[in-house]
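Sequence positions in the sequence shown follow our numbering and run 41 to 201.
Where a beta carbon is used, it is the ideal one built from N, C-alpha and C, also for glycine.
The structure presented is a predicted model; accordingly, all values stated were derived computationally and were not measured.
First comes the structure, then the notes that go with it.
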Amino acid sequence: MKNLLFEFIVDKSKNTISVSREFAAGLSLVWDAFTKPEILDQWWAPKPFTSKTKAMDFKVGGRRFYAMVSPEGQEHYAIQKYTSITPKNNFKYLNAFADKDENPFLPGSDWDLTFTEQNGHTIVRIIIYNDSLERMEKMIEMGFKEGLTATLNKLEILLSN
């Protein structure tokens, strides 16, 4: 099997992180993996954490409220508020950590995900906009690249089963 595309680019001049990741799976399957809670919960957290969706309404103005659960059972909450959806092509959301009552810890970051299919493979391009260089550098400091890479690797394994 050929090496699948993976790029992780930090642009400090624009406060953005751009990630491109190729999956050996069709567009519909990859889209569902990003938009259906029962599939998201199988991969949307780096090991040893797991993801647990508390509520999800995938529509413009809707949201996903979920917890990253540690092996000890500690829950770290986040909320994604959907701002734009073009089915099987693109969706955007505001992502922020939150408390257990869904109160976001602002500022968050804006995520823009685009899906394209070529020869039975799907490429997901994610652009993450931050309101400040300080916030973006804090994300990177907290291990964002390593965590997202591990999370996307979990999805690759799930899609290959």
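Inset, instruction - Work out the CA separation of Thr-154 and Ser-60 for me, nearest whole Å. - result: 9 Å
Legend entry - Burial state of Asn-170, where buried means 16 or more other Cβ atoms lie within 10 Å: Buried is the call here.
Legend entry - Top-ranked residue by Cα proximity to Lys-92, from Pro-86, Ile-79, Val-100, Tyr-106: Among Pro-86, Ile-79, Val-100, Tyr-106, the Cα nearest to that of Lys-92 belongs to Tyr-106.
Legend entry - Beta-carbon proximity check, Lys-194 vs Trp-83, cutoff 8 Å: yes
Inset, instruction - From the DSSP output, in three-state form, read off Leu-146 for me. - result: coil
Legend entry - Delimiting residues of the alpha helix (DSSP H) encompassing Ser-200: Counting along the chain, the unbroken alpha helix (DSSP H) around Ser-200 starts and ends at 184–200.
Legend entry - Ser-58 - partner residues in DSSP beta bridges: In the DSSP output, where bridge partners are listed per residue, Ser-58 has Ile-49, Ile-167.
Inset, instruction - Mark Gly-148 as exposed unless 16 or more other C-beta atoms lie within 10 angstroms of its C-beta, in which case mark it buried. - result: buried
Inset, instruction - Find out if the Cβ-Cβ distance for the pair Gly-102, Tyr-122 is shorter than 8 Å. - result: yes
Inset, instruction - Go ahead and label Lys-54 buried or exposed: buried means 16 or more other beta carbons lie within 10 angstroms of its beta carbon, across all protein chains shown. - result: exposed
Inset, instruction - Please name the residue, chosen from Ser-172, Asp-150, Leu-44, Asp-72, that lies closest to Lys-52 on a Cα-to-Cα basis. - result: Ser-172
Legend entry - Bridge partners - Ile-119, DSSP secondary structure assignment: Ile-119 is bridged to Phe-105, Ala-136.
Legend entry - Same chain only: Cβ atoms within 7 Å of Ile-167, ignoring 5 sequence neighbours per side: Thr-56, Ser-58, Asp-152
Legend entry - Enclosing alpha helix (DSSP H) for Lys-178 [first to last residue]: 173–181
Legend entry - 6 Å CB neighbourhood of Pro-86 in its chain, flanking five on each side removed: Within the same chain, Pro-86 has close Cβ partners Gly-187, Ala-190, Thr-191.
Legend entry - Integer Cβ distance of Asp-150 from Lys-132, believed to fall under 8 Å: With a Cβ gap of about 7 Å, Asp-150 and Lys-132 count as contacting.
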